[in-house]
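> Got a structure for you, written out below as structure tokens; questions coming shortly.
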Amino acid sequence: MGQFLVIDGMNGALLRAGFNVARDALTRFNGYMDAGKIFTIGHSTHAIEEFLGMLSANGVTVLVDVRTVAGSRHNPQFGQAELSQSLAEVGISYQRITALGGLRYTPKAATSINGAWRNPSFRAYADYMQTPRFVAGLQELIGVAAQEVVAIMCAEAVPWRCHRSLISDALLVRGFTVTDIMGPAATRPHTLTKFAHVAGLKVWYPPE
């Protein structure tokens, strides 16, 4: 059974989405067409050689780190200094955008417009997405992507367990094709979270 995506403020128009959003229609509404491509990747426990190979195989020229803490005690190859050096050795630049980092908090007394997220961490990040600081971080990322082939990186192996999936939603409505790098020879297209609502460039996840 297909899903319906509600596009608020557009005379109640509905776009039949299934699990693939009608991206072209969304970008027409938002004034963007084919803004470009951005990859996402999670470093997980990959050997550094395998990780670099996945980036190179997809033509990535800049890795943008969106971790709150740019380090890993259990996987020291992904510490900021170590990773930056390893990337440079294969011709990939490293950049960190702290404004896109995870681990955001919404005060318990605050009312969230993102109640469809049952996971409090995802809900808090969705709340943070409504702030000027998030938008500024996203614009910084888009500026890099205008000149380079970018992958955003966090720690989680799969995007649906990571805040990078919410960043991907924000990119999707701005006309970007977002591709998740899943393994050495595996990618998947990111599709808008099925319970997302969109108005212009705003994405939120209200309770049903």
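Letter 17 of the sequence shown, counting from 1, is numbered 17 in full-length UniProt numbering, and no numbers are missing. Backbone N, C-alpha and C define an ideal beta-carbon position, used for all residues, glycine too. Given the structure is predicted, the values throughout are model-derived calculations rather than measurements.
Just verifying my parser: in three-state terms, what is the DSSP assignment at Phe-195?
On the sequence shown, position 195 is the one that residue 195 refers to. Note: Phe-195 maps to coil in three-state DSSP.
> Mark Leu-192 as exposed unless 16 or more other C-beta atoms lie within 10 angstroms of its C-beta, in which case mark it buried.
The count along the sequence shown starts at 1 and reaches residue 192 at position 192. By the 10 Å Cβ count, Leu-192 comes out buried.
> Would you give the residue range spanned by the alpha helix (DSSP H) that Val-135 belongs to?
Within the sequence shown, residue 135 is the residue found at index 135, counting from 1. First-last of the alpha helix (DSSP H) with Val-135: 132 to 145.
> From this set, Gln-77, Ser-86, Arg-164, which residue's C-alpha is nearest Phe-122's C-alpha?
The residue labelled residue 122 in the question sits at position 122 within the sequence shown. Answer by Cα proximity: Arg-164.
> Suppose contacts are defined by Cβ-Cβ distances below 8 Å. Is Val-135 in contact with Val-173 by that definition?
Translated into the one-based positions of the sequence shown, residue 135 becomes position 135. Translated into the one-based positions of the sequence shown, residue 173 becomes position 173. The answer is no: Cβ separation not under 8 Å.
> For His-46, count neighbouring Cβ atoms within 10 angstroms of its own Cβ and tell me buried if that reaches 16, exposed if not.
Along the sequence shown, one-based indexing puts residue 46 at 46. By the 10 Å Cβ count, His-46 comes out buried.
> Drop a sphere of 10 angstroms on the beta-carbon of Asn-119, count the other beta-carbons inside from all chains shown, and report buried for 16 or more, exposed for fewer.
Along the sequence shown, one-based indexing puts residue 119 at 119. The residue is exposed, with fewer than 16 neighbouring Cβ atoms inside 10 Å.
> Residues in its own chain within less than 6 Å of Val-149 by CB, not counting five upstream and five downstream?
Residue mapping note: residue 149 aligns to position 149 of the sequence shown, counting from 1. Cβ within range, chain order: Gly-59, Val-60, Thr-61.
> Out of Pro-207, Asp-65, Gly-175, point me to the one whose CA is closest to Gly-36's CA.
If you number the sequence shown from 1, residue 36 lands on position 36. The shortest C-alpha separation from Gly-36 is found at Gly-175.
> I'd like the list of long-range same chain contacts for Tyr-105, defined as Cβ closer than 8 Å, with 5 residues on each side in sequence excluded.
Counted from its first residue, the sequence shown places residue 105 at position 105. Hits under 8 Å: Ala-124.
> Could you compute how far the alpha carbon of Ala-199 sits from the alpha carbon of Asp-180?
The sequence position of residue 199 within the sequence shown is 199, counting from 1. The sequence position of residue 180 within the sequence shown is 180, counting from 1. C-alpha separation (whole angstroms): 24 Å.
> Just the Cα atoms here: how many angstroms apart are Ala-155 and Pro-76?
Start at 1 with the first residue of the sequence shown, and residue 155 comes out as number 155. Start at 1 with the first residue of the sequence shown, and residue 76 comes out as number 76. Going from the Cα of Ala-155 to the Cα of Pro-76 covers about 12 Å.
> What are the start and end residues of the beta strand (DSSP E) that includes Gly-42?
Reading the sequence shown from its first residue, position 42 is the one you call residue 42. Unbroken beta strand (DSSP E) run through Gly-42: 36 to 42.
> Could you pull out every residue in the same chain whose Cβ sits closer than 6 Å to the Cβ of Glu-140, ignoring the five residues on either side in sequence?
Against the sequence shown, residue 140 aligns to sequence position 140. Only Ile-97 meet the Cβ criterion.
> Give the DSSP-derived three-state secondary structure of Ala-110 in the structure shown.
Numbered from 1 along the sequence shown, position 110 holds the residue referred to as residue 110. Of the three classes helix, strand and coil, the one that applies to Ala-110 here is coil, per DSSP.
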